[in-house]
Structures are given as C-alpha cells and as structure tokens.
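Chemist: Numbering (this note's numbering), first residue to last: 2 to 233.
Idealized CB from N, CA, C, for every residue including glycine.
Bear in mind the structure is a predicted one, so any value in this text is a computation, not a measurement.
(1) So who's on the other strand from residue 48, going by DSSP bridges?
(2) Alpha helix (DSSP H) containing residue 114: first to last residue?
(3) When the Cα of residue 197 is compared with those of 136, 108, 212, 102, which residue comes out closest?
(4) Quick check: the Cα distance between residue 111 and residue 207, rounded to an integer number of angstroms?
(5) Please say whether residue 82 and residue 72 have beta carbons closer to each other than 7 Å?
(6) Run through the DSSP bridge pairs and tell me what residue 140 is partnered with.
(7) Taking 7 Å as the threshold (C-beta atoms), are residue 68 and residue 85 in contact?
(8) Less than 7 Å between the C-beta atoms of residue 174 and residue 133, yes or no?
(9) Compare the Cα-Cα distances from residue 150 to each of 51, 199, 218 and report the closest residue.
(10) Assign residue 83 to one of three DSSP states: helix, strand, or coil.
(11) Taking residue 68 as part of the beta strand (DSSP E), name the residues at either end of that continuous run.
(12) Any idea which residues DSSP pairs residue 147 with across the strands?
(13) If contact is defined by three or more beta carbon pairs under 8 Å, each pair taking one atom from either stretch, is the segment 40 to 54 in contact with the segment 140 to 147?
(14) Label residue 205 either buried or exposed according to how many other C-beta atoms from any shown protein chain fall within 10 Å of its C-beta, with 16 as the threshold for buried.
(15) Compare the C-alpha of residue 167 against each of 195, 158, 213, 63 and name the closest.
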C-alpha cells in the first residue's frame, strides 16, 4: 500500500480490532459467569430457607426466626440487642414465605378499616376491619447466609442480613396479609392471604431516617434514666 495508509497501519488496525474483540468476549463471559455464580448462591440460600420453612408448614413448628444485622454481628455479638447507630443487632419476626426474589417475614400486626366503598384500607374510618399483618420482604441479595439451627443464644434459625433500606431496615418493601387458621400437622397455623388492595409500602428516605433517629434518641434516654436509677 502507498500514501497515508500502509500495510503497517492495516496490521495495527487488525490487531486493535482483535484486541477489542477479545476484551468484549472476556467481558461477556465474565458477566455470564457472574450471573451463574449469583444464581448458584441464590439456590444455596433458598435450599437453607426451605429447610427452615418446611417443618413450620408440615409440623406446625414455631415460625420465629432471627434476622441478624450483619453490620453489628461482624463487630462482635454477645446475644444482647442494644440499639446503636448501626441499628438493632437483630429482630425476631415470623417466617411465612419464600418467593423468587427473597423471603417474607411478619413485622407486626396493625388495624385495618373499611372505606366508604366497603373496601379494605389502612386510613382510619368509622368502620374497623380485622387486623392485618405487615409482611417484610428480604431480597436474596441482602442475605449473606442462613444458619438453620441457630446459635448458642437462640435455637431459632438465623438469617444474616445486610440492612440496606433507609433507617437501617432489612426490608426492600412491605406488603399486607390477613391470617386464616388452617391445619398444619398436629397444630393449627395461620395461612397469610395477600391483600393486594392495601398496596405496597416502599422505603422512604427522609421518613425512615427520621424515625430511626427518633428511636435511637429514645433508646439513649431510657439508658440514661436507667443509669440514674442505678446510681441512687
């Protein structure tokens, strides 16, 4: 070749294109391997979760589990649950469901109402309805490990969770359910029917952090009051 473009330039271009192709191939392969590794990790966690949920459903065993705050646990755990800036060390909800995205646990029960159209609502009206439960969803991505047999402090299964939602919460969203007693083995357990009409509550940054700071301040006040009582 002559002029401004030579065989050397062509060879350099071919090498550059080949290098780019290799880079792209490595990137695509890396993403595939990463996805497979993620799926393998989820399958491992799901198997442990089903090991916990199975006896709850078939034998009516206690459904309490420990949702452990990984940020607290890795800094030393002695079984206590004093609140700090990293949140509580653990909570003890009831384990009720596994889905493709994670697990669901009961966070608390709340009052529901009937609205003007006789539909279920959370806004207070003059027509009370049966209580509902808040169901917190913990995604697989936030679960580091599951210990089905618990530890020396509690025999309940432990879910080691990164509390990534605002306000140091372990749930990426909250839904609502209503309990219906059904037979499970030798005991009766509630089946928690989803109430889609009540919607889904997602984390709200400012509201959740304000609530967390308020709870932390209340905890500090209680500790100070207890210390004053001991000093008398």
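Modeler: So, from the data block:
(1) In DSSP, residue 48 forms no bridge with anything.
(2) Counting along the chain, residue 114 sits inside no alpha helix (DSSP H); it lies in the beta strand (DSSP E) bounded by residues 103 to 115.
(3) Of the listed residues, the one whose Cα sits closest to residue 197 is 136.
(4) Rounded to whole angstroms, residue 111 to residue 207 spans 22 Å at the Cα level.
(5) No, Cβ-Cβ distance for residue 72 and residue 82 is not below 7 Å.
(6) Partner(s): 103.
(7) The Cβ-Cβ distance between residue 85 and residue 68 does not fall below 7 Å.
(8) No, the Cβ-Cβ distance between residue 174 and residue 133 is not below 7 Å.
(9) Considering only alpha carbons, the answer is 51.
(10) The three-state reading of DSSP puts residue 83 in coil, since its state is none of H, G, I, E or B.
(11) Where residue 68 is concerned, the enclosing beta strand (DSSP E) stretches over 67 to 70.
(12) Under DSSP, residue 147 shares a beta bridge with 160.
(13) Yes, the segment 140 to 147 is in contact with the segment 40 to 54.
(14) Classification for residue 205: exposed.
(15) Taking only the C-alpha atoms, the option nearest residue 167 is 213.
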